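J.:
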Amino acid sequence: MLTLDDVRAARERVEAVARRTPLEYSHTFSEMTGAEVYLKLENTQRTGSFKIRGATNRITTLSEEEKDAGVVTASAGNHAQGVALAASRAGVNSKIVMPEYAPISKVKATERYGGDVVLYGNDYDEAQAKAHEIEAEEGRTYVHAFDDEYVMAGQGTIGLEIAEDCPDLDTVVVPIGGGGLISGISTAIKEQYPDARVIGVQAEQASSAADSLNKGSIQTIDEVDTIADGIAVRRIGDKPFEVIRERVDEVVTVSDEEIAVALTYLLERSKTLVEGAGAVALAALVFQKFDYEEDEVVVPALCGGNIDMNTLTTVVMRGLVETGRYLKIRTELKDRPGSLEQLIGIIAAEKANIYAVRHDRTSRKIALNATEVEIDLEMRGPNHVDSLLGELRDAGYDVEVLD
């Protein structure tokens, strides 16, 4: 099994390429949760993700023959960039298989770092199968995203930094996709601070690790579907699973809505941009998915910041809806002069700001003498939403809140 010495050896190989990322105290999230919260800002890492650590450790340990033959891997985006950059720095050719629907920003970044990108499959697992075909056909070395002890040890260098920068650590919270990151971090933490807790977090729709721990053997999910694309993996790795069973105290899950809220909080209150996978650790803390004491020192690992701009727009909007900052409603009006003005008057009196109004007389769902109105509103929070909806319904409007 992976050891602390493996992680320490990895640091010597990785430190020339990977940055030592900041650990910053968060007044905002400490006040919000009651814990003493320090954010590990791995989203500021080179390539925008921790993956450069494991990729560098693996590629620097290749034989000269393996380097000459080149490497191949599969990735939803972050591991792709890490392998591409690490391989380019080592003078090694890299071929990267990415799912066809990988965020375009991650595809372009991988190409800029020197990787030859092949788009294949609907998700990571289908891309991985294609990468293994290329491995066999071209004699390349496959650099696994997580099920490789050199990769796991490289990711564990984050744990060394956390332990050194936060000696009073009580709990570290770590995202789980395939399990390489938490395997490395838990090894670095537990062998130095055995009383510290390591909490793993998965997206509800990509919960192979949580399911596997519950059932005592590795479980494969038929389909994954989450905004946290960086951890959207059907099956946890064999090697990480053994480490997680031994060294991780608890694995919890968070919903996409909770991830969106955490991402929005980070952007608005901490001026910190992360991707979905980078927000899951904070989401687990904010939504109290695990127990912790007042003033407990908790370190959520923000593992990546490579979010596609179109995805960011959707996620932030979802976050605003979930926090009562954005509201979409539908109602019916009598089709006569002044009806819309009367409705808008109530909204104005409640001091809600209108983004958009859609007025439709042709819908088949309404009477011939009626009109359907949809309104998008900027709100100040859940209480403001409840107040507005109460005023509208008291005035006789049948209001439907839209997703």
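Per the UniProt record's numbering, residue 1 is the first one in the sequence shown, and the count goes up by one each step. No residue lacks a Cβ here, since even glycine has one placed at the ideal position from N, Cα and C. Just so it is clear, the structure is predicted and the values come from calculations on it, not from any experiment.
Taking DSSP's pairing of strands, which residues face Val385 in a bridge?
T.: Locating residue 385 in the sequence shown gives position 385, where the first residue counts as 1. Paired residues: none, contrary to the question.
J.: Counting only runs that start and end within the segment 305-358, where is the beta strand (DSSP E) found for 3 or more residues in a row?
T.: 326-334
J.: Under a three-way DSSP split, which group does residue 445 fall into?
T.: Nothing about residue 445 can be read from this structure; the chain reaches only from 1 to 403.
J.: Please classify Asn57: is it buried, with 16 or more other beta-carbons within 10 angstroms of its beta-carbon, or exposed?
T.: The sequence position of residue 57 within the sequence shown is 57, counting from 1. Residue burial annotation: Asn57 is buried, with at least 16 other C-beta atoms found within 10 angstroms of its C-beta.
J.: Measuring from the CB of Glu350, is there a heavy atom of the ligand COA at a distance below 8 angstroms?
T.: You won't find the ligand COA in this model; it holds no ligand whatsoever.
J.: Just to confirm my understanding: we take Asn93, look at its own chain, exclude 5 residues before and 5 after, and list those with CB closer than 6 angstroms. What are they?
T.: Here residue 93 corresponds to residue number 93 of the sequence shown, with the count starting at 1. Excluding five sequence positions before and after Asn93, the CB atoms of its chain that fall closer than 6 angstroms to its own CB belong to Gly70, given in chain order.
J.: One question on the structure: do Gly304 and Glu42 come within less than 9 angstroms of each other, judged by their Cβ atoms?
T.: Translated into positions along the sequence shown, residue 304 becomes position 304. Translated into positions along the sequence shown, residue 42 becomes position 42. Contact flag set, yes.
J.: Out of curiosity, what's the CA-to-CA distance linking Arg235 and Val83?
T.: Walking along the sequence shown from the start, residue 235 turns up at place 235. Walking along the sequence shown from the start, residue 83 turns up at place 83. Rounded to the nearest angstrom, the two C-alpha atoms are 21 angstroms apart.
J.: Hey, Gly230 and Ala277: beta-carbon distance below 9 angstroms or not?
T.: Within the sequence shown, residue 230 is the residue found at index 230, counting from 1. Within the sequence shown, residue 277 is the residue found at index 277, counting from 1. Judged by their CB atoms, Gly230 and Ala277 are nearer to each other than the 9 angstroms cut-off.
J.: Which of helix, strand or coil does DSSP assign to Ser94?
T.: If you number the sequence shown from 1, residue 94 lands on position 94. Strand.
J.: Can you list the alpha helix (DSSP H) stretches of 4 or more residues lying completely in the segment 141-170, in chain order?
T.: 149-165
J.: By alpha-carbon positions, which one of Gly156, Tyr124, Gly91 ends up nearest to Gly54?
T.: Taking the first residue of the sequence shown as position 1, residue 54 is located at position 54. Closest by alpha carbon: Gly156.
J.: Going by alpha carbons, who is nearest to Asp249 out of Glu149, Val224, Asp170, Met379?
T.: Here residue 249 is taken as the residue at index 249 of the sequence shown, counted from 1. Cα-wise, what sits closest to Asp249 is Asp170.
J.: Starting from Arg13 and walking both ways along the alpha helix (DSSP H), at which residues does that stretch end?
T.: Here residue 13 refers to the residue found at position 13 when the sequence shown is read from its first residue. Segment 4-14, the alpha helix (DSSP H) holding Arg13.
J.: What are the boundary residues of the alpha helix (DSSP H) that Ala283 is part of?
T.: For the purposes of this step, residue 283 is identified with residue 283 of the sequence shown, where counting begins at 1. First-last of the alpha helix (DSSP H) with Ala283: 276-286.
J.: Suppose you measure from the CA of Ala35 to the CA of Leu160; what does that come to, to the nearest Å?
T.: Taking the sequence shown and counting its residues from 1, the one referred to as residue 35 is at position 35. Taking the sequence shown and counting its residues from 1, the one referred to as residue 160 is at position 160. Using only the alpha carbons, I get a separation of about 22 angstroms.
J.: With 16 as the cutoff for other CB atoms within 10 Å, does residue 407 come out buried or exposed?
T.: Past the edges of the chain, shown from 1 to 403, lies residue 407, and the structure says nothing about it.
J.: Going by C-alpha distance, which of Glu374, Gly381, Ile347, Pro382 is nearest residue 404?
T.: What is shown of the chain runs 1 to 403, which leaves residue 404 out entirely.
J.: Count the C-beta pairs between the segment 123-139 and the segment 104-115 that are closer than 8 angstroms, then say yes if the count reaches three, no if not.
T.: no
J.: Classify residue 408 as helix, strand or coil using the three-state DSSP reduction.
T.: In the structure displayed, the chain extends from 1 to 403; residue 408 sits before or after that span and is not available.
J.: Mark Ala153 as exposed unless 16 or more other C-beta atoms lie within 10 angstroms of its C-beta, in which case mark it buried.
T.: Indexing the sequence shown from 1 puts residue 153 at position 153. With 16 or more Cβ atoms within 10 Å of its Cβ, Ala153 is classed as buried.
J.: On a CA-only basis, which of Gln192, Ile221, Asp238 is nearest Asp148? Give me that one, please.
T.: As a position in the sequence shown, residue 148 is number 148, starting the count at 1. Among Gln192, Ile221, Asp238, the Cα nearest to that of Asp148 belongs to Asp238.
J.: Can you tell me the Cα-Cα spacing of Pro337 and Thr371, whole angstroms?
T.: For the purposes of this step, residue 337 is taken as the residue at position 337 of the sequence shown. For the purposes of this step, residue 371 is taken as the residue at position 371 of the sequence shown. Approximately 11 angstroms, taken between the alpha carbons.
J.: Does the count of Cβ pairs from the segment 263-278 and the segment 181-191 closer than 8 angstroms reach three?
T.: no
J.: Would you please state the rounded distance, in angstroms, between the beta carbons of His79 and Ala145? I believe it to be under 8 angstroms.
T.: In the sequence shown, counting from the first residue as 1, residue 79 sits at position 79. In the sequence shown, counting from the first residue as 1, residue 145 sits at position 145. For His79 against Ala145, the beta-carbon gap comes to about 4 angstroms, under 8 angstroms, which counts as contact.
J.: Candidates Lys95, Arg364, Asp256: which alpha carbon is nearest residue 413's?
T.: Shown here, the chain extends from 1 to 403; a query on residue 413 therefore has no answer.
J.: Within a Cβ cutoff of 8 angstroms, which residues of the same chain sit near Thr226, ignoring the five residues on either side of it in sequence?
T.: In the sequence shown, residue 226 corresponds to position 226, counting from 1. So the list reads Ala203, Glu204, Gln205, Ala206, Ala232, Asp256, Ile259, Gly276, once near-sequence residues are dropped.
J.: Chain D beta carbons: is any one of them nearer than 9 angstroms to that of Pro99?
T.: The structure shown contains no chain D; it is built from a single protein chain.
J.: Just list the residues that DSSP pairs Ala18 with in beta bridges.
T.: The residue you call residue 18 lines up with position 18 of the sequence shown. Beta-bridge annotation (DSSP): Ala18 is not paired with any residue.
J.: Measuring only the C-alpha atoms, how far is Val172 from Ile199?
T.: Counted from its first residue, the sequence shown places residue 172 at position 172. Counted from its first residue, the sequence shown places residue 199 at position 199. Straight-line measurement puts the Cα of Ile199 at about 6 angstroms from the Cα of Val172.
J.: Apart from the five residues on each side of it in sequence, which residues of its chain come closer than 6 angstroms, Cβ to Cβ, to Ala86?
T.: Numbered from its first residue, the sequence shown carries residue 86 at position 86. Once the five neighbours on either side are set aside, the close Cβ partners of Ala86 are Ala55, Thr56, Ile59.
J.: For a test of the three-state rule: what should DSSP assign to Ala210, helix, strand or coil?
T.: In the sequence shown, the residue the question calls residue 210 occupies position 210. Residue state, collapsed to three classes: helix.
J.: I need the straight-line Cα distance from Ala76 to Arg197, nearest angstrom please.
T.: For the purposes of this step, residue 76 is identified with residue 76 of the sequence shown, where counting begins at 1. For the purposes of this step, residue 197 is identified with residue 197 of the sequence shown, where counting begins at 1. Distance between the alpha carbons of Ala76 and Arg197: 29 angstroms.
J.: If we call anything under 9 angstroms between Cβ atoms a contact, is Val373 one with Leu402?
T.: Reading the sequence shown from its first residue, position 373 is the one you call residue 373. Reading the sequence shown from its first residue, position 402 is the one you call residue 402. Not in contact: Val373 and Leu402 (Cβ atoms no closer than 9 angstroms).
J.: From what residue to what residue does the alpha helix (DSSP H) around Asp256 run?
T.: The count along the sequence shown starts at 1 and reaches residue 256 at position 256. Taken as a continuous stretch (DSSP letters only), the alpha helix (DSSP H) holding Asp256 covers 256-269.
J.: Going straight from the alpha carbon of residue 477 to that of Ile176, what length do you get?
T.: Nothing about residue 477 can be read from this structure; the chain reaches only from 1 to 403.
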